[in-house]
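Notes follow once the structure below has been shown.
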Amino acid sequence: FTRAKNAGNIIMKNLMDFCIGTVMFVFLGFSLMMAENYIFGFIGVPNLQIFTNFGEFINTNASSFVFNLVFCATAATIVSGAMAERTKFISYCIYSGVISLIVYPVEAGWVWNTQGWLFQMGFHDYAGSAAIHTVGGVAALIGATILGPRIGKYKKDAFGKVIKVNAIPGHAITIGALGCFILWFGWYGFNGAAAKSIPELGSVFLTTTIAPAVATVACMIYTWIKNGKPDVSMCLNASLAGLVGITAGCDALDAFGSIVVGIVSGILVVVVVEFLDIKLHIDDPVGAVGVHMANGIWGTIAVGLLANPDAPAGLSGLFYTGSAKLLLVQILGISAIILWTAITMLITFNVIKKTVGLRASAEEEIMGLDLTEHGLPNSYADFAAATHIEYNADAPTQVLGDVPVSEAVEVQKMPTFSEEKSSKFTKIEIICKERMLESLKNSLIDIGITGMTVSHVMGCGIQKGKPEYYRGVEVEPSLMPKIQVDIVVAKVPVRQVIETAKKVLYTGHIGDGKIFVYDVENVVKVRTGEEGYDALQDVE
């Protein structure tokens, strides 16, 4: 979802989230979170057992350490996407250390340590909608707000007021989709690892499947109705939003509750992403706030509303039992977690901003953080994407349009081409879609064209009144791959070439192509030295 010039930087930040987080968790984080002694249920007293009594530690806490370490790294890495493409690497490393050392361990201890005050109140967050995703989402919101938008994201007037929001599409939606699929698969371990029985594991797997699937369908329908086309990137976000939403109550909700969570999550992520971007002008390139914060909050509250007593957790939600007790506890818990995270992250990001600096320079941002931060000219090296022509020997030689030519709107009347000219030769340049090349080539050969030059070119354009949207924002015209066919004729009538090309390429829709006609003074065949008409009579 970010540009290729920053891909290596994002990879490095995610790697450091886990590695720095591990160091912080070893030295203090785990001892704070899972301490045996708690001060009023709010903060643990570190015992550093991992250093002082390793034998006892591996017997009692080793598995818990690894389990919670992964959760800690997950909370930390959420921020990388929201602050992508303009954050200093050193500043991000400092943030990652702080959230892993103090912020996450303290609030996660409230939720999952048996002495934590939220645990003792009955707060339920099975796998981290609140303790992980809301924390990461709140940190992402605060970080993106303090950091400011990417260069070129918002156009402002002379008074600094935003007058236009620009879409900045990511470089590889396919890689984003692959990441989504990997996360979805990994979520079965994320949610299922805490299961204590096979029936409970089955229930967790069921709800973890239903919610994201429903969320994706809901998002597809919503964006299809809203924008005229289903939004691919938003649907990928919706899958993750559904997973985040069900994480708190995957053991407490039934199938119906999972469907409700999914529907709300799929629509909520679109609303929040567009509200932040279009209304609040907070630049979140990957939609981290909409996915994690908004749906982390929703998923936590949904437990209080939709918990079914017959589910493995045995909790009583408002809609099933009429009791609001669990709902009030969930609201109190999520509010406390948001407050703690907001205070600590405001302090952290502002201190970083005033010391080492939070944002990369404008020059570094424009050049890309891969090069300026890591000396990496190209994250993809020899695997950079290339455009290929799609050849199809069985392609039809003619593609007829579905709109009569008489209905085409002529923007401006120009003099028609005349073959009565002083030049001996004519060059015809045809710009068209790649998929039309085979049909065009066959048709030109049929009328006697024996040679042509085919080139890859890039063109841009947008149909007036029918804009394209990326994540709810109108997309500026962008370069698209086209094919340029150059032909020089002397014997074959120019008008016949033009009419043949028009007949093949015409569909009546934007993007059918253009035909340009030029005078040519002379033609020289290098091999034989022939010039003029003779130089065009065979193909080398």
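Just so you know, my numbering puts the end of the sequence shown at 542, numbered straight through with nothing missing. Cβ coordinates follow ideal geometry from the N, Cα and C atoms, glycine included. Predicted, not measured: the structure shown is a model, and the values here were computed from it.
Classification of residue i by the beta-carbon crowding that lies within 10 angstroms, buried from 16 upward
i    : result
H135 : buried
S205 : buried
R497 : exposed
D159 : exposed
R88  : buried
D448 : exposed
Q51  : buried
M460 : exposed
F316 : Inspection of the sequence shows that residue 316 is occupied by Gly rather than by Phe. Answer is exposed; the Cβ neighbour count stays below 16.
F53  : exposed
S260 : buried
N352 : exposed
I432 : buried
L180 : exposed
L341 : exposed
V411 : Low per-residue confidence applies at V411: pLDDT is 49, beneath 50, and the placement is therefore not dependable enough to give any value.
F183 : exposed
S363 : exposed
E523 : exposed
P379 : exposed
L439 : buried
S131 : buried
Y40  : buried
Terminal residues of the alpha helix (DSSP H) in which residue i lies
i    : result
P171 : Unbroken run through P171: none, as it is neither H nor E.
E366 : 364 to 369
C237 : 234 to 249
T428 : T428 -> not in any alpha helix (DSSP H); beta strand (DSSP E) instead, spanning 427 to 434.
K15  : 9 to 26
S318 : S318 -> no alpha helix (DSSP H), and no H or E assigned at all.
C74  : 64 to 84
V526 : No alpha helix (DSSP H) holds V526; DSSP gives it neither H nor E.
F32  : 32 to 35
L270 : 257 to 276
Secondary structure of residue i, DSSP reduced to three states
i    : result
E501 : helix
A494 : This sequence places Val at residue 494; Ala is not what is there. In this structure, V494 counts as coil in the three-state DSSP scheme.
H126 : coil
Q1   : No information on residue 1 is available, as it lies outside the stretch 3 to 542 that the chain covers here.
C182 : helix
G324 : coil
G46  : strand
P311 : coil
I451 : coil
M222 : helix
Y382 : coil
P398 : Note on P398: pLDDT 42, under 50, position unreliable in the model; no value is reported.
I489 : strand
G361 : Per the sequence shown, the amino acid found at residue 361 is Arg instead of Gly. Reduced to three states, the DSSP call for R361 is strand.
V206 : helix
K484 : strand
E2   : The question about residue 2 has no answer here: the residues shown for the chain are numbered 3 through 542.
V331 : helix
E58  : helix
E440 : helix
E38  : coil
E533 : strand
V288 : coil
Boundaries (first-last residue) of the beta strand (DSSP E) holding residue i
i    : result
G461 : 455 to 461
I517 : 516 to 522
Y508 : It is not in any beta strand (DSSP E) - Y508 carries neither H nor E in the DSSP assignment.
K157 : 156 to 158
Given 8 Å as the limit, is there contact between the stretch 88 to 101 and the stretch 298 to 306, that is, 3 or more CB pairs closer than that?
-> Using a Cβ-Cβ distance cut-off of 8 Å, the stretch 88 to 101 and the stretch 298 to 306 are not in contact, since fewer than three pairs of beta carbons, one from each stretch, lie closer than that value.
contact_flag[the stretch 284 to 302, the stretch 239 to 254] where n(CB pairs < 8 Å) is 3 or more | yes
Continuous alpha helix (DSSP H) assignments of at least 4 residues falling wholly in the stretch 89 to 150 | 91 to 100, 106 to 114, 119 to 123, 137 to 149
Below 8 Å, can you find three or more Cβ-Cβ pairs linking the stretch 248 to 260 to the stretch 207 to 219?
-> yes
contact_flag[the stretch 70 to 86, the stretch 10 to 27] where n(CB pairs < 8 Å) is 3 or more | yes
Using 8 Å as the threshold, is the stretch 364 to 371 in touch with the stretch 322 to 335, meaning 3 or more CB pairs across them?
-> Between the stretch 364 to 371 and the stretch 322 to 335, the count of Cβ pairs shorter than 8 Å is below three; the stretches do not touch.
Stretch-stretch touch, CB-based, cutoff 8 Å, three pairs: the stretch 432 to 452 with the stretch 494 to 512 | yes
Counting Cβ pairs closer than 8 Å, one from the stretch 343 to 351 and one from the stretch 276 to 288, do we hit at least three?
-> Under the Cβ criterion (8 Å, minimum of three pairs), the stretch 343 to 351 does not count as touching the stretch 276 to 288.
Inter-stretch contact (C-beta, 8 Å, three-pair minimum) for the stretch 163 to 177 and the stretch 108 to 127 | no
Between the stretch 59 to 67 and the stretch 136 to 148, are three or more C-beta pairs nearer than 8 Å?
-> No, the stretch 59 to 67 does not touch the stretch 136 to 148.
Using 8 Å as the Cβ pair cut-off and three pairs as the minimum, do the stretch 265 to 272 and the stretch 223 to 231 touch?
-> yes
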